[in-house]
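Chemist: One structure, pasted below without further comment.
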Amino acid sequence: MGRAPAGPFSERGEGEEWVAHELAFLPSNYTVFNGLRLGGKHNFDHIIVAPTGIFVVETKNWQGSVEFKEGRLVFPGGKEPGRPPLRQVKDAAAELIRFIDDAGCGDLPVHSVLCFLKTGLPEDIMNVNGVVVCKGEKLTEVLQETFDEPVAASIRDQVVDELRKVIE
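Residue 464 in our numbering sits at position 30 of the sequence shown; the count goes up by one each step and never skips.
Written as structure tokens, this is what we have:
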């Protein structure tokens with residue numbers, strides 16, 4: 435497999451650039467797509483096709499800290515962000531699943547990951563309503579160690595081919 439070229443990042447994409455750099459050091463059987471748009475409403479920060487499935491990673495480079503109450507992300511004091519990132523990454527994963535289904539790639543696991551940089555979290559790695567939430571320095575660990583079920587290389591290759599068509 436190998437690396438797909440990185441997509442464009444805006445000035446506010448400093449966090450995405452940091453994560454893209456870290457993802458470049460994953461083993462060669464991981465294929466990374468950065469800044470990809472599949473035709474729907476989501477701009478995917480990162481899609482990683484891994485031996486254990488596909489990961490959709492949403493990156494947040496927020497100052498301060500966040501908490502999780504009743505399955506929702508809140509800032510200290512209880513205020514919620516205008517665009518809830520847990521919902522954002524779940525919706526992006528749903529769009530990717532539709533894309534994979536439409537391409538006839540079969541049923542394979544798609545994992546939602548919310549990665550925070552410069553943001554205080556209650557724990558380094560946690561699961562919040564089916565979304566893996568982690569600190570940036572733990573992301574590659576999440577991608578390599580959190581999920582155990584292998585996916586056939588032929589299916590992963592088919593997904594990579596379909597995603598590459600989007601950037602051609």
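All C-beta atoms in this analysis are idealised placements derived from N, C-alpha and C, irrespective of residue type, glycine included.
Under a Cβ-count criterion, where at least 16 other Cβ atoms within 10 Å of its own Cβ denotes burial, should K572 be classed as buried or exposed?
Modeler: It counts as buried.
Chemist: According to the neighbour-count rule (16 or more other Cβ atoms, all chains shown, within 10 Å of its Cβ), is I482 buried or exposed?
Modeler: The residue in question, I482, is buried, as its Cβ has 16 or more Cβ neighbours within 10 Å.
Chemist: Are there three or more Cβ pairs, one per stretch, closer than 8 Å when the stretch 527-535 is compared with the stretch 495-512?
Modeler: Because the criterion of three Cβ pairs below 8 Å is not met, the stretch 527-535 and the stretch 495-512 do not touch.
Chemist: Is it true that the stretch 464-484 meets the stretch 513-521, where meeting means three or more beta-carbon pairs spaced less than 8 Å apart?
Modeler: The stretch 464-484 vs the stretch 513-521: no contact.
Chemist: Which whole-angstrom value is the C-beta distance of I601 and L542, which I expect to be below 8 Å?
Modeler: With 8 Å as the limit, I601 and L542 do not qualify as a contact, their Cβ atoms being about 20 Å apart.
Chemist: Since F533 is in the beta strand (DSSP E), which residue starts that stretch and which ends it?
Modeler: Here F533 belongs to no beta strand (DSSP E); instead the alpha helix (DSSP H) covers 519-536.
Chemist: Could you give the C-beta distance for V565 and V576, rounded to a whole number, given that I count them as a contact under 8 Å?
Modeler: With 8 Å as the limit, V565 and V576 do not qualify as a contact, their Cβ atoms being about 11 Å apart.
Chemist: Please state the DSSP three-state secondary structure of L542.
Modeler: Three-state DSSP puts L542 in coil, outside helix and strand.
Chemist: Between I449 and T493, which are expected to be in contact by the criterion C-beta below 8 Å, what is the C-beta distance as a whole number of angstroms?
Modeler: The question names Ile, but residue 449 in the sequence shown is Gly. Going by Cβ atoms, the distance from G449 to T493 rounds to 5 Å, so yes, they are a contact pair.
Chemist: When the Cα atoms are used, what is the spatial distance from K503 to R521?
Modeler: When rounded, the distance between both Cα atoms is 14 Å.
Chemist: Find the nearest neighbour of S546 within the set V594, C568, P584, judged by alpha-carbon distance.
Modeler: Of V594, C568, P584, the residue nearest in Cα terms is C568.
Chemist: Anyone know if the C-beta pair for L555 and V491 falls short of 8 Å?
Modeler: No, these two residues do not count as a Cβ contact at 8 Å.
Chemist: Measuring CA to CA, which of G570, E456, L551 is closest to N495?
Modeler: Closest by alpha carbon: L551.
Chemist: Closest by CA to G538, which one among L460, T553, S588?
Modeler: It is S588 whose Cα lies nearest to the Cα of G538.
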